[in-house]
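Quick note on numbering: the sequence shown equals residues 2 to 642 in our numbering.
C-beta atoms are modelled at their ideal positions from N, C-alpha and C, and glycine is treated no differently.
Here the structure is a predicted model, which means the values were calculated and not measured.
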Amino acid sequence: MESYWDIIIAIAGFGIVAIAAAQIAGYFRKIKLPLITGLLITGIAAGPFFIGLIPSSAGKHLNFINDFALAYIAFAASAELYLREMKSRIQSIKWMTISQLVVTFVLSGVVVYFISGMVPFMKDMSVGYRAAVASLFAVIFVARSPASAIAIVNEMRAKGPFVQTAIGVTVLKDVFVILLFSICLEVAVAIFEGTGFTLTFLAIIAVEIISSVVMGFLLGMLLVRILKANWRQWAKTILILLSGYLMYVLHHELDAYTIHYFKHSVSIEPLLVCIIASFRVTNYSKFRAEFLRIIERSARYIYIPFFLLAGATLQVDMLAEVAGIALVLFLVRLLSLVAGGFVGGTLAGDPPLYNRLAWMPYVTQAGVGLGLATVVAKTFPEWGLEFSTIVISVIVVNQIVGPPLFKWAINKVKEGHTRADTPAFDGIKDAIIFGFESQSVALARQLQEAGWEVKIATLLHDIKDDEYEDLDIRHVKDLSLETLNELDAKLSEAIVLMLTDEENLELCNLIYEKVGTKDVIVRLNSRYNLAKFHELGALIVDPSTAIVSLMDHFVRSPQAASLLLGMQANQDSMDIQVLNPDLQGISLRNLRLPSDIIVLSVKRRGNLIISHGYTRLRLGDTLTMVGSKKSLSEVSLKFGY
């Protein structure tokens, strides 16, 4: 009973720390450090070597967290392995994967073996033991982080053969890494137990692999049944994660049973089981999209406790001792990745530039590498903790160095599509409206009355310009970057797109990547395209819902709606940017504003901040104000317009 009570206390205490850690680790992102690094550092701080919120006994009580996480990691790695998406670059992916596996594994394993005298816990080991440990280091060094790679690709909106190959290899490689690790671990166990490579040993490995494959297909069928059921998604998520965890429970039970009765450990390999099950769902069922959605949405609930526990159980007293060797092993891994990338690219016939950069996408490590390190720590308690401490140190360095290298490589091969820098305000409020029709004409005239300089760009050539002498109408030949440059788009504070969705999307991409205009307003034609414009940061007006929303505001807040539409006599609202350097650091309460001016909000670096009288202004802040037109005009001059 006391043991159960200890487990309950450990889980409750750890849960409270995990909730706090999720918030604390978020601050690490603000200083451009990975979330995983933040969780590891938070775990170290909360662990027994510092604050002591997570005691040293937590490791044995909370070991089930590692089992849940390892099953999830296997599910996630294999879920990204969608064969249909790899067809176009299959040659490059095939050769790069083989090269990274073989060259990186062999080269790093050989180097680790020869420098094993520098590794504290390997100094006094025999030749066979050193070879076994070196192989475990080597297989973990091959591992990559699919989640980190995909996050960088999404962030940079990267597209092209280099990125396609990198993602394909990353996903495929992690699946083979887990398979290779299973074999290396079995061999290492045999060497350290002294059983040797007998026919019995080979037969046991064959039985374990075959039984794991069969169990994987059975688990895959179970996952399909769960996904097919008409249940709520949270229920499906719990059952899927629980089914993966139960593979570890089965593994432990079979292991104990066979050792007791047959004096040999014969069990299933749960990582292999989960990989095959996930592969079955992803490639041979119609539930791939839902399965991926469940995997993505449950990530934080798995990774937060997993990385927090990894940090808390880290042998901090060893860090200073192993820091030097961790750095050496980081360089060893880097050199083996360079060699593997160059060989793979050459065999695939990729361009020389790709071959020189081929190693950069594979530097970052995270869940898979850390998960395998915890397996080693649990399997070999005599030296496993020192092993995992070194591996985690290398992973932290890879987490910091890897993402910038991958981003640099993407830009070098010109496959990144990041947003252009927003041009500085030139003191004149300019707007460009694409599309000539009654609404664009009315909008142009209304903006002109508010003091804006407006151009209407149109592909039409049969317009009678003399009927619109008060408007600046530009006839353009196409919707290209050259056209945008001719219209001085970089000087515009706003661009309004009122063409077809296809034309609007083409322009929106160009503006996003090449111009960087602060505000792009799109009139939507089909809600199917809403997400595409939203990804590009456009402000979207959907005519089908705009009237309903407006009427709703008139019912709930008639004064605000009237002010928004300019229906209040001599009253208006305006966004004013802080351009006057004399206002830097001045608090809102100390601004000398006309008595009829109200500050509604302050926007800083794209984020709305909760403003009050003590909020200090920064250059570039955008203040939304409401008041009389005369007072707003005075304030805009004061702010540098």
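The segment 343-353 contacting the segment 96-107, beta-carbon criterion three pairs below 8 Å
Because the criterion of three Cβ pairs below 8 Å is met, the segment 343-353 and the segment 96-107 touch.
Would a C-beta distance cut-off of 9 Å place Val1 and Ala144 closer than the cut-off?
Shown here, the chain extends from 2 to 642; a query on residue 1 therefore has no answer.
Only counting the same chain, and skipping five residues up and downstream in sequence, which positions put a Cβ closer than 7 Å to that of Ile8?
Looking up residue 8 in the sequence shown gives position 7. If we look at Ile8 and ignore the five residues flanking it on each side, its Cβ neighbours are His62.
Restricting to Cα atoms, I'd like to know which of Glu450, Phe69, Leu82 and Thr38 is closest to Tyr285.
Here residue 285 corresponds to residue number 284 of the sequence shown, with the count starting at 1. Ranking the options by Cα distance to Tyr285, first place goes to Leu82.
Buried versus exposed, by CB contacts within 10 Å (16 or more), Val274
Here residue 274 refers to the residue found at position 273 when the sequence shown is read from its first residue. Burial call: buried.
Tell me where the beta strand (DSSP E) around His265 begins and ends.
As a first step, residue 265 must be located in the sequence shown, where it is residue number 264. Here His265 belongs to no beta strand (DSSP E), and DSSP marks it neither H nor E.
As assigned by DSSP and simplified to three states, the class of Ser588:
Translated into positions along the sequence shown, residue 588 becomes position 587. For Ser588, the secondary structure class from DSSP, reduced to helix, strand or coil, is strand.
Just mark His252 as buried or exposed, buried being the case when its beta carbon has 16 or more other beta carbons within 10 Å.
Position 251 of the sequence shown, counted from the first residue, corresponds to residue 252. That one is buried.
Answer with buried or exposed for Val208, where buried requires no fewer than 16 other C-beta atoms within 10 angstroms of its C-beta.
For the purposes of this step, residue 208 is taken as the residue at position 207 of the sequence shown. It is exposed - the Cβ of Val208 has fewer than 16 other Cβ atoms within 10 Å.
Please state whether the Cβ-Cβ distance between Gly372 and Asn67 is less than 9 Å.
Translated into the one-based positions of the sequence shown, residue 372 becomes position 371. Translated into the one-based positions of the sequence shown, residue 67 becomes position 66. Going by beta carbons, Gly372 and Asn67 fall inside the 9 Å limit.
What runs of the alpha helix (DSSP H), each 4 residues or longer, lie entirely inside the segment 486-560?
Given a length threshold of 4 residues, each whole run of the alpha helix (DSSP H) inside the segment 486-560 is given here in chain order: 502-511, 531-536 and 544-557.
Leu525 versus Glu468: straight-line alpha-carbon distance, rounded
If you number the sequence shown from 1, residue 525 lands on position 524. If you number the sequence shown from 1, residue 468 lands on position 467. One C-alpha to the other measures close to 28 Å.
Relative to the alpha-carbon of Leu460, which residue among Asp473, Phe437 and Ser441 has its alpha-carbon at the smallest distance?
As a first step, residue 460 must be located in the sequence shown, where it is residue number 459. When only C-alpha atoms are compared, the closest one is Phe437.
Express the C-alpha separation of Ile457 and Val442 in angstroms, rounding to a whole number.
For the purposes of this step, residue 442 is taken as residue 441 along the sequence shown, with counting starting at 1. For the purposes of this step, residue 457 is taken as residue 456 along the sequence shown, with counting starting at 1. Their backbone Cα atoms lie some 8 Å apart in a straight line.
Do the segment 117-136 and the segment 15-23 meet, that is, are 3 or more Cβ pairs less than 8 Å apart?
As far as the Cβ criterion goes, the segment 117-136 does not touch the segment 15-23, which means the pair count is below three.
Which residue comes first and which comes last in the beta strand (DSSP E) that contains Gln449?
Counting from 1 along the sequence shown, the entry for residue 449 is found at position 448. Segment Ser439 to Glu450 is the alpha helix (DSSP H) holding Gln449; no beta strand (DSSP E) there.
Just tell me which of Ile577, Leu336 and Gln366 has its CA closest to the CA of Leu358.
By 1-based counting over the sequence shown, the position of residue 358 is 357. If we check each option's Cα against that of Leu358, Leu336 comes out closest.
Please check the pair Ala495 and Asp520, which I expect to be a contact at CB under 8 Å, by giving their CB distance rounded to whole angstroms.
Taking the sequence shown and counting its residues from 1, one reaches residue 495 at position 494. Taking the sequence shown and counting its residues from 1, one reaches residue 520 at position 519. Confirmed, about 4 Å.
Can you name, in chain order, every residue of its own chain whose Cβ lies under 7 Å from the Cβ of Asp597, other than the five neighbours on each side?
Position 596 of the sequence shown holds residue 597. The residues are Gly628, Ser629 and Ser632.
Classify His418 as helix, strand or coil using the three-state DSSP reduction.
Position 417 of the sequence shown, counted from the first residue, corresponds to residue 418. Of the three classes helix, strand and coil, the one that applies to His418 here is coil, per DSSP.
Quick one: grab the DSSP three-state call for Asn399.
Numbered from its first residue, the sequence shown carries residue 399 at position 398. In the structure shown, Asn399 sits in a helix (DSSP, three-state: H, G or I).
Determine the closest residue to Leu180 out of Leu272, Ile391 and Gly53, with distance taken between C-alpha atoms.
For the purposes of this step, residue 180 is identified with residue 179 of the sequence shown, where counting begins at 1. Measuring from the Cα of Leu180, the nearest candidate turns out to be Leu272.
Could you tell me the alpha carbon to alpha carbon distance between Gly368 and Leu40, rounded to whole angstroms?
As a first step, residue 368 must be located in the sequence shown, where it is residue number 367. As a first step, residue 40 must be located in the sequence shown, where it is residue number 39. The alpha-carbon of Gly368 is positioned some 12 Å away from that of Leu40.
Could you tell me how far apart the beta carbons of Ala313 and Gly44 are, in whole angstroms, since I believe they sit closer than 8 Å?
As a working mapping, residue 313 is identified with position 312 in the sequence shown. As a working mapping, residue 44 is identified with position 43 in the sequence shown. Separation of the CB atoms of Ala313 and Gly44 is rounded to 4 Å, and the pair is thereby assigned contact status at 8 Å.
Alpha-carbon spacing of Leu310 relative to Gly48, whole angstroms
The residue you call residue 310 lines up with position 309 of the sequence shown. The residue you call residue 48 lines up with position 47 of the sequence shown. Answer to the nearest angstrom: the Cα atoms are 9 Å apart.
Cβ pair Ser299, Tyr73 closer than 9 Å
As a first step, residue 299 is located in the sequence shown; it is residue number 298 there, counting from the start. As a first step, residue 73 is located in the sequence shown; it is residue number 72 there, counting from the start. Against a cut-off of 9 Å, the Cβ pair of Tyr73 and Ser299 comes out as a contact.
Cα-Cα separation between Trp453 and Trp409, rounded to whole angstroms
On the sequence shown, residue 453 is found 452 positions in, with the first residue counted as 1. On the sequence shown, residue 409 is found 408 positions in, with the first residue counted as 1. Approximately 39 Å, taken between the alpha carbons.
Tell me whether Phe435 sits in a helix, a strand or coil according to DSSP, three-state version.
On the sequence shown, position 434 is the one that residue 435 refers to. In the structure shown, Phe435 sits in a strand (DSSP, three-state: E or B).
Cβ distance (whole Å) where Val579 is taken to contact Gly614 below 8 Å
Numbered from 1 along the sequence shown, position 578 holds the residue referred to as residue 579. Numbered from 1 along the sequence shown, position 613 holds the residue referred to as residue 614. About 16 Å separates the two Cβ atoms, so there is no contact after all.
Which residue from Pro162, Pro362 and Asn581 puts its Cα closest to that of Ser93?
What you label residue 93 is simply residue 92 of the sequence shown in a count that begins at 1. The option with the nearest alpha carbon to Ser93 is Pro162.
Using the rule of at least 16 other Cβ atoms within 10 Å of the residue's Cβ for burial, across every protein chain shown, is Gly428 buried or exposed?
Reading the sequence shown from its first residue, position 427 is the one you call residue 428. Counting Cβ neighbours within 10 Å, Gly428 comes out exposed, since fewer than 16 surround it.
Residue range of the alpha helix (DSSP H) that Asn231 falls in?
In the sequence shown, the residue the question calls residue 231 occupies position 230. For Asn231, no alpha helix (DSSP H) run applies, since DSSP gives it neither H nor E.
Within 10 angstroms of its Cβ, does Val120 collect 16 or more other Cβ (buried), or is it exposed?
Walking along the sequence shown from the start, residue 120 turns up at place 119. Burial call: buried.
If you measure between the beta carbons of Ser481 and Ala432, is that distance less than 9 Å?
By one-based count along the sequence shown, residue 481 stands at place 480. By one-based count along the sequence shown, residue 432 stands at place 431. The Cβ atoms of Ser481 and Ala432 do not sit closer than 9 Å to each other.
C-alpha gap between Arg289 and Arg281, whole angstroms:
Your numbering for residue 289 matches position 288 in the sequence shown. Your numbering for residue 281 matches position 280 in the sequence shown. Between Arg289 and Arg281, the C-alpha separation is close to 9 Å.
With which residues is Val627 paired in a DSSP beta bridge?
By 1-based counting over the sequence shown, the position of residue 627 is 626. Answer is Ser574 and Ile599, bridged to Val627.
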